[in-house]
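Participant: Those protein sequences? They're chains X and L, same order as listed. Each residue of the first sequence is one higher than the one before, counting from -9 in this note's numbering. Each residue of the second sequence is one higher than the one before, counting from -9 in this note's numbering. Every residue, glycine too, gets a C-beta built ideally from N, C-alpha and C. The model shown is predicted, which means the values in this text are computed figures rather than measured ones.
Number of protein chains: 2
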Amino acid sequence: MRSIGKRVELLRVIAHPVRIRILDELLKGVKCVSDFEEFLSISQPNVSQHLSLLRQYGVVDYYIDGRLRCYFLRDPIIPDILGVLKKDYMEELPAPACCPITKKGTYPRERMR
Amino acid sequence: MRSIGKRVELLRVIAHPVRIRILDELLKGVKCVSDFEEFLSISQPNVSQHLSLLRQYGVVDYYIDGRLRCYFLRDPIIPDILGVLKKDYMEELPAPACCPITKKGTYPRERMR
DNA sequence: CAAATATATGCAGATATTATTATATATGAA
DNA sequence: TTCATATATAATAATATCTGCATATATTTG
């Protein structure tokens, strides 16, 4: 079971505009490097670097097919993260009545900003 | 409705070990700055800086109560993200049969790594 | 008002990320 | 074998991020 620290690290790895687009594209199926190169209009080395990072963290893996590398999703957290990321939220969280149950919080009061 | 770019930005803001712990703590209820200072054992200015960033992105907000700032969660995506982050995944995603439905992918084949 | 408390802000230095360029490797084709 | 294609890696330079420290602001207390 992955530690919470590792999970945050993973989140950091995912939290990049290019890498999110890569992952979102992989959600639809297998893709090779030059597919991304075209789709994202960034350089091939740059695509490879992002994929390398994602591989390093076990987020993706690939099959070799001739001179192609066919990348696919491997970490099951990815579809869930992408799902949350696309979800629409209509309302903010309900604000607490106000105010503190904080440790220091036993001040005069009646202020609320 | 938030753009996908903004959501990834938000993800980047969240993806930090200290900020995740702050958010996870706020999930349980209102907390003031010095509560975090103690809980996280980091300096007060550092706590304030992280909170400032979270405020800037609308992730948290606060009430003023005397000299306390009582922080609370505001962005509804946070509990969902934290939920996914804590979830346990037993298996990797099923690997595709292999191989490409990639644009370039019509090579001789039968390789698979 | 002065002192103490709670928090915020600005800046400097260290460190980490990112894209770019050049180069290397492996495969398939001629 | 030689050439072209697909991808990876290395080195670099530009940029962003993070922490720590000093200081500022606001509020309450005496």
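If you compare alpha carbons, which of X:Cys88, X:Leu17, X:Ser(-7), X:Met80 is closest to Met(-9) of chain L?
Facilitator: With distances taken between Cα atoms, Met(-9) of chain L lies closest to X:Met80.
Participant: List the endpoints of the continuous alpha helix (DSSP H) containing Arg59 of chain X.
Facilitator: Careful: Arg59 of chain X lies outside any alpha helix (DSSP H), inside the beta strand (DSSP E) at 58 to 63.
Participant: Helix, strand or coil for Val(-2) of chain X per DSSP?
Facilitator: Three-state DSSP puts Val(-2) of chain X in a helix.
Participant: Name, please, each residue of chain X whose Cβ falls closer than 7 Å to the Cβ of Val74 of chain L.
Facilitator: In chain order: Ile67, Asp70, Ile71, Val74.
Participant: Give, in chain order, every unbroken run of the alpha helix (DSSP H) that is at least 4 residues long and sits entirely within the stretch 14 to 64 of chain X.
Facilitator: Segments of the alpha helix (DSSP H) lying fully in the stretch 14 to 64 of chain X: 23 to 30, 34 to 46.
Participant: Rounded to whole angstroms, what is the Cα-Cα separation between Arg45 of chain L and Lys77 of chain X?
Facilitator: If you take the alpha carbons of Arg45 of chain L and Lys77 of chain X, they lie about 21 Å apart.
Participant: Out of curiosity, what's the CA-to-CA distance linking Ile54 of chain X and Ser31 of chain X?
Facilitator: Going from the Cα of Ile54 of chain X to the Cα of Ser31 of chain X covers about 23 Å.
Participant: Would you mind giving the Cβ-Cβ distance between Arg64 of chain X and Glu82 of chain L, rounded to the nearest angstrom? I have them listed as a contact below 8 Å.
Facilitator: That pair is a contact at about 5 Å.
Participant: Could you tell me whether the stretch 0 to 11 of chain L touches the stretch -1 to 17 of chain X, where touching means 3 or more Cβ pairs closer than 8 Å?
Facilitator: Touching, yes.
Participant: Between which two residues does the alpha helix (DSSP H) carrying Lys93 of chain L extend?
Facilitator: Where Lys93 of chain L is concerned, there is no enclosing alpha helix (DSSP H), given that its DSSP letter is neither H nor E.
Participant: Under 9 Å, Cβ to Cβ, is there at least one residue of chain X near His6 of chain L?
Facilitator: Chain X contact via Cβ: present.
Participant: Is it buried or exposed, Lys21 of chain L, if we count other Cβ atoms within 10 angstroms and call 16 or more buried?
Facilitator: Lys21 of chain L is buried by the Cβ-count criterion.
Participant: If you count every other CB in all the chains shown that lies within 10 Å of the CB of Ile67 of chain X, and 16 or more means buried, which is it?
Facilitator: Flag for Ile67 of chain X reads buried.
Participant: Does Ile12 of chain L come within less than 9 Å of chain X when only Cβ atoms are used?
Facilitator: No, its Cβ sits nowhere closer than 9 Å to a Cβ of chain X.
Participant: Does Arg2 of chain X have its Cβ less than 9 Å from a Cβ in chain L?
Facilitator: Chain L contact via Cβ: present.
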